[in-house]
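Student: 351 is the number that the numbering used here gives the last residue of the sequence shown; the numbers go up by one with no jumps.
Beta carbons: idealized from backbone N, C-alpha and C, even for Gly.
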Amino acid sequence: MDTGKGTIKILSIETSCDETAAAVTVNGREVLSNIIYSQIALHKDYGGVVPEIASRKHIEKINQVVDAALSESGYGLDDMDAIAVTYGPGLVGALLVGVSAAKAIAFAKDIPLIGVHHIEGHISANYIENKDLEPPFVCLVASGGHSHLVAVKDYGEYEVLGRTRDDAAGEAFDKVARAIGLGYPGGPKIDKAAKEGNPDAIDFPRAKVEGSEYDFSFSGLKSAVLNYLNQCEMKGMDVNVNDVAASFQKAVVDVLTDHSINAVNAYGLKKFAIAGGVASNSALRESLKKRCEKENIEFFCPSPVYCTDNAAMIGTAGYYEFIKGERSGYDLNAVPALKLGER
Ligand code: KG4
Ligand code: ZN
């Protein structure tokens with residue numbers, strides 16, 4: 009174990025959905041390698057992630073990805089001080105592959121094992137490129153499975169201020185993209201199509217959740233898009249895909265921006281970060297950046313590669329758990345519906 013220079017090297021693994029990923033990080037914020045094998049091409053024909061196919065591909069790829077992460081880092085397994093792995097939330101079969109691999113390595117090398125919450129990973133992605141960012145701050149986590157507004161009180165200490173009542177933001181992007189024929193994965197395709205469209209062409213609803221200012225609801229918006237498409241068909245009207253993409257995206261961006269800024273202001277912290285796959289959306293980044301500038305809020309966002317699923321963010325979150333003394337046992341299991349703040 010090489011801790012002589014006061015450095016903690018962590019090998020991290022992420023397999024919660026359709027990316028097989030491994031990384032080596034030093035002291036949480038320095039990324040030596042970040043290997044991501046994306047399965048997108050495999051799931052494309054099905055219009056979404058097929059859990060069984062994802063698990064099988066993870067099994068096939070996990071050792072190669074871990075080897076690549078180590079070799080790119082210039083270190084070997086014997087140099088690692090700990091191994092961090094996503095154990096939830098996510099697809100159970102997919103999670104199990106990463107958890108089993110991490111347990112095997114931890115046992116074989118007799119190094120600490122740290123189970124990491126996937127969303128904690130997404131939030132921690134902000135620490136990688138913003139070396140001075142420290143809690144407390146408010147973070148919007150918007151991914152394929154989650155839309156949360158979180159107060160990050162300290163490392164590993166969270167208070168959920170708001171969450172989606174139905175679809176996650178990314179899920180809405182994926183479903184709408186499918187409906188307008190853009191295919192999977194929807195987010196990046198809508199992002200691109202929207203650049204050619206008029207965001208004010210169609211007035212889609214901005215949903216508010218009665219009684220909870222920071223909660224989200226995207227299913228009504230999704231239905232509004234489907235209704236619009238049906239009406240066009242019935243009236244024999246051509247659908248301008250770019251306009252639908254731009255107008256839908258604007259509706260999501262407006263809601264995410266307004267709720268986030270309200271939460272930041274109400275929480276009284278002028279520090280705000282974003283995380284998760286949807287955080288790589290160019291219109292959302294632009295809108296939040298502008299609003300934060302206007303309201304004098306310090307704004308942080310990871311590069312797109314650290315927004316979508318990756319293992320470096322798991323290494324970062326794992327590091328802060330590690331230095332707090334958190335350890336997982338060899339009985340660590342995949343927890344598909346793990347809640348933020350639970351261990
Ligand atoms: O964080 P992530 O990689 O996986 C989950 O933890 O879910 O997020 C994936 C989600 C997908 O729904 C994808 O369509 C969405 O993030 N996404 C985007 C963009 N890139 C990925 N949504 C909007 N705009 C993008 N550029
Ligand atoms: Zn994710």
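Please determine whether the Cβ atom of Ser-151 lies at a distance below 7 Å from any heavy atom of the ligand FAD.
Tutor: Absent from the structure shown: the ligand FAD. Ligands present: the ligand KG4 and the ligand ZN.
Student: The ligand KG4 and Cys-6: does the residue's C-beta get closer than 7 Å to at least one heavy atom of that ligand?
Tutor: Here the chain comprises residues numbered 9 to 351, so residue 6 is not present and cannot be evaluated.
Student: From the DSSP output, in three-state form, read off Cys-25 for me.
Tutor: For this step, residue 25 is matched to residue 17 along the sequence shown. Coil.
Student: Using 7 Å as the cut-off, classify the Cβ of His-126 as near or not near the heavy atoms of the ligand ZN, replying yes or no.
Tutor: Within the sequence shown, numbered from 1, the residue matching residue 126 stands at position 118. Yes, since a heavy atom of the ligand ZN falls inside the 7 Å radius drawn around the Cβ of His-126.
Student: For Leu-237 and Ile-188, what's the separation of their Cα atoms in angstroms?
Tutor: Here the question's residue 237 lines up with position 229 in the sequence shown. Here the question's residue 188 lines up with position 180 in the sequence shown. Each residue's alpha carbon lies about 8 Å from the other.
Student: In the DSSP output, what is His-156 paired with across the bridge?
Tutor: As a working mapping, residue 156 is identified with position 148 in the sequence shown. Beta-bridge pairing links His-156 to Val-149 and Arg-171.
Student: Tell me the rounded alpha-carbon separation between Lys-332 and Glu-350.
Tutor: Along the sequence shown, one-based indexing puts residue 332 at 324. Along the sequence shown, one-based indexing puts residue 350 at 342. Whole-angstrom Cα-Cα distance: 15 Å.
Student: What's the C-alpha gap between Glu-60 and Ser-24?
Tutor: Walking along the sequence shown from the start, residue 60 turns up at place 52. Walking along the sequence shown from the start, residue 24 turns up at place 16. Glu-60 and Ser-24: Cα-Cα distance of roughly 13 Å.
Student: Among Ala-177, Val-149 and Cys-309, which one has its Cα closest to the Cα of Leu-169?
Tutor: Position 161 of the sequence shown, counted from the first residue, corresponds to residue 169. Of Ala-177, Val-149 and Cys-309, the residue nearest in Cα terms is Val-149.
Student: Mapping DSSP to helix, strand and coil, what is Glu-60?
Tutor: Sequence index remark: in the sequence shown, residue 60 carries index 52 (1-based). It is helical.
Student: What are the residues that DSSP puts in a beta bridge with Glu-38?
Tutor: Translated into the one-based positions of the sequence shown, residue 38 becomes position 30. Glu-38 is bridged to Val-34.
Student: Bridge partners for Leu-121 per DSSP, in chain order?
Tutor: Position 113 of the sequence shown, counted from the start, is the residue given in the question as residue 121. BP columns for Leu-121 point to Ile-91 and Ser-336.
Student: What three-state label does DSSP hand Met-9 in the structure shown?
Tutor: By one-based count along the sequence shown, residue 9 stands at place 1. Interpretation of Met-9 is limited by its pLDDT of 44, a score under 50 that renders its predicted location unreliable; the figure taken from the coordinates is listed afterwards. Met-9: coil per DSSP, three-state reduction.
Student: For the stretch 93 to 105 against the stretch 333 to 348, do three or more pairs of beta-carbon atoms, one drawn from each stretch, fall closer than 8 Å, so that the two count as touching?
Tutor: Contact between the stretch 93 to 105 and the stretch 333 to 348 is present, because at least three Cβ pairs lie under 8 Å.
Student: Could you tell me whether any non-hydrogen atom of the ligand ZN is closer than 7 Å to the CB of Gly-195?
Tutor: Here residue 195 refers to the residue found at position 187 when the sequence shown is read from its first residue. Not so, every heavy atom of the ligand ZN lies at least 7 Å from the Cβ.
Student: How many Å lie between Gly-56 and Gly-14 at the Cα?
Tutor: Here residue 56 corresponds to residue number 48 of the sequence shown, with the count starting at 1. Here residue 14 corresponds to residue number 6 of the sequence shown, with the count starting at 1. Cα to Cα, Gly-56 sits roughly 44 Å from Gly-14.
Student: Among Leu-157, Ser-295 and Pro-120, which one has its Cα closest to the Cα of Ser-225?
Tutor: Translated into positions along the sequence shown, residue 225 becomes position 217. Per the Cα distances, Leu-157.
Student: Is it the case that the CB of Thr-28 approaches a heavy atom of the ligand KG4 more closely than 7 Å?
Tutor: On the sequence shown, position 20 is the one that residue 28 refers to. No, the beta carbon of Thr-28 sits no closer than 7 Å to any heavy atom of the ligand KG4.
Student: Compare the beta carbon distance of Ile-136 and Ala-281 with 8 Å and say whether it is the shorter of the two.
Tutor: Counting from 1 along the sequence shown, the entry for residue 136 is found at position 128. Counting from 1 along the sequence shown, the entry for residue 281 is found at position 273. It is not a contact, given that the beta carbons lie outside the stated cut-off.
Student: Give the straight-line distance between the Cα atoms of Pro-196 and Ala-271, rounded to the nearest whole angstrom.
Tutor: As a first step, residue 196 must be located in the sequence shown, where it is residue number 188. As a first step, residue 271 must be located in the sequence shown, where it is residue number 263. Whole-angstrom Cα-Cα distance: 27 Å.
Student: Take His-267 and list the residues in its own chain whose beta-carbon comes closer than 6 Å to its own, dropping the five residues that flank it on each side.
Tutor: For the purposes of this step, residue 267 is taken as the residue at position 259 of the sequence shown. If we look at His-267 and ignore the five residues flanking it on each side, its Cβ neighbours are Tyr-222.
Student: Are the stretch 274 to 293 and the stretch 112 to 124 in contact at 8 Å, needing three or more beta carbon pairs?
Tutor: No, they do not touch.
Student: Report buried or exposed for Glu-241, applying the criterion of at least 16 other Cβ atoms within 10 angstroms of its Cβ.
Tutor: To locate residue 241, count along the sequence shown from 1; it is residue 233. So Glu-241 ends up on the exposed side.
Student: Look at the Cβ atom of Ser-155, then the Cβ atom of Pro-207, and state whether they are nearer than 8 Å.
Tutor: Reading the sequence shown from its first residue, position 147 is the one you call residue 155. Reading the sequence shown from its first residue, position 199 is the one you call residue 207. Taking 8 Å as the Cβ cut-off, Ser-155 and Pro-207 do not qualify as a contacting pair.
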